[in-house]
Amino acid sequence: KAGVTQTPRYLIKTRGQQVTLSCSPISGHRSVSWYQQTPGQGLQFLFEYFSETQRNKGNFPGRFSGRQFSNSRSEMNVSTLELGDSALYLCASSLAGIGNTIYFGEGSWLTVV
Amino acid sequence: GQNIDQPTEMTATEGAIVQINCTYQTSGFNGLFWYQQHAGEAPTFLSYNVLDGLEEKGRFSSFLSRSKGYSYLLLKELQMKDSASYLCAVRMDTGRRALTFGSGTRLQVQP
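Chains as they are written, first to last, in my numbering: chain P, 1 to 113; chain V, 114 to 224.
What follows is the structure in structure tokens.
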């Protein structure tokens with residue numbers, strides 16, 4: 001059974017550009033969440049999608065957005081990139097029930113220069 | 114918001130037992146996860162506790178006390194490959210799947 005798949009794994013962008021990251025959840029998982037991990041702030045929740053609807057949003061500016069498609073795949077977008085957006089972006093998926101385990105993908109390493 | 118505390122660093126010897134503690138605010142608690150993360154890799158699920166008590170999985174065990182807002186991860190028969198960061202994460206509020214993470218405990222296993 002394939003795990004959570006994220007693309008691209010590594011990318012470098014310039015300040016002011018925008019970036020789109022993609023996530024394919026584990027087959028059958030309809031909940032997809034995104035997290036940002038930095039050395040200074042640790043792992044922080046960005047947003048969660050379920051059935052193509054954003055259910056929760058973390059404390060991030062509006063430059064961070066996302067969406068989920070009917071096949072549960074998800075994308076997140078960061079516009080007007082800043083140096084501080086350099087981070088590991090992790091996607092996680094789980095089954096529909098609240099008590100289910102949350103599994104993480106290998107992440108997308110974003111460097112903003 | 115939720116405040117999760119765990120030690121920043123721990124050192125232990127190969128073959129020994131180590132306990133990593135985690136404390137959290139109890140209001141709205143709806144489950145606690147432990148993840149292992151090796152440098153440069155994604156977090157790997159270790160355990161999930163929602164009821165009080167001890168959950169055992171091979172060399173790893175996790176304990177939860179909801180009334181005290183306290184959990185620990187117990188690692189037995191430590192191996193060098195156990196050197197990693199261990200993340201405590203709490204899910205708050207029924208209906209939400211968002212996790213709030215502690216800053217992680219970096220465990221160094223020495224020969």
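Beta carbons are placed, not taken as given, at the ideal position from N, Cα and C, and that holds for glycine.
Taking C-beta separations shorter than 7 angstroms and ignoring five residues to either side along the sequence, the partners of P8/P in its chain run S108, following chain order.
The beta carbon of I130/V sits closer than 8 angstroms to those of L187, L188, K189, E190 and L191, all from its chain and outside the five residues before and after it, given in chain order. Taking C-beta atoms under 8 angstroms as the contact rule, V222/V and I117/V fail to qualify, at a distance of about 24 angstroms.
Annotation for E82/P: no beta strand (DSSP E) segment contains it, and DSSP assigns it neither H nor E.
Using a Cβ-Cβ cut-off of 8 angstroms, G42/P counts as an interface residue toward chain V, since at least one Cβ of chain V sits closer than that to its own. S180/V is bridged by DSSP to nothing; it lacks a bridge partner.
Taking 7 angstroms as the upper bound on Cβ-Cβ separation, chain V lies near residues L90 of the stretch 78-91 of chain P. Of the other Cβ atoms in all chains shown, fewer than 16 fall within 10 Å of the Cβ of P224/V; this residue is therefore exposed.
DSSP places T213/V inside the beta strand (DSSP E), whose first and last residues are L212 to F214. With respect to chain P, the C-beta atom of T213/V has a partner C-beta closer than 8 angstroms. Residues of the stretch 54-75 of chain P whose Cβ lies closer than 8 angstroms to any Cβ of chain V, in chain order: R55, N56 and G58. Under the Cβ criterion (8 angstroms, minimum of three pairs), the stretch 73-91 of chain P counts as touching the stretch 11-21 of chain P. Assignment of beta-bridge partners to Y103/P by DSSP yields S93/P.
Nearest to F60/P by C-alpha distance, out of T53/P, L43/P, S74/P and S72/P, is L43/P. Per the coordinates, the alpha-carbon of T38/P lies some 16 angstroms from the alpha-carbon of F64/P. Here M76/P has L21, W34 and G66 as same chain residues with Cβ atoms under 6 angstroms from its own Cβ, once five neighbours each way along the sequence are excluded.
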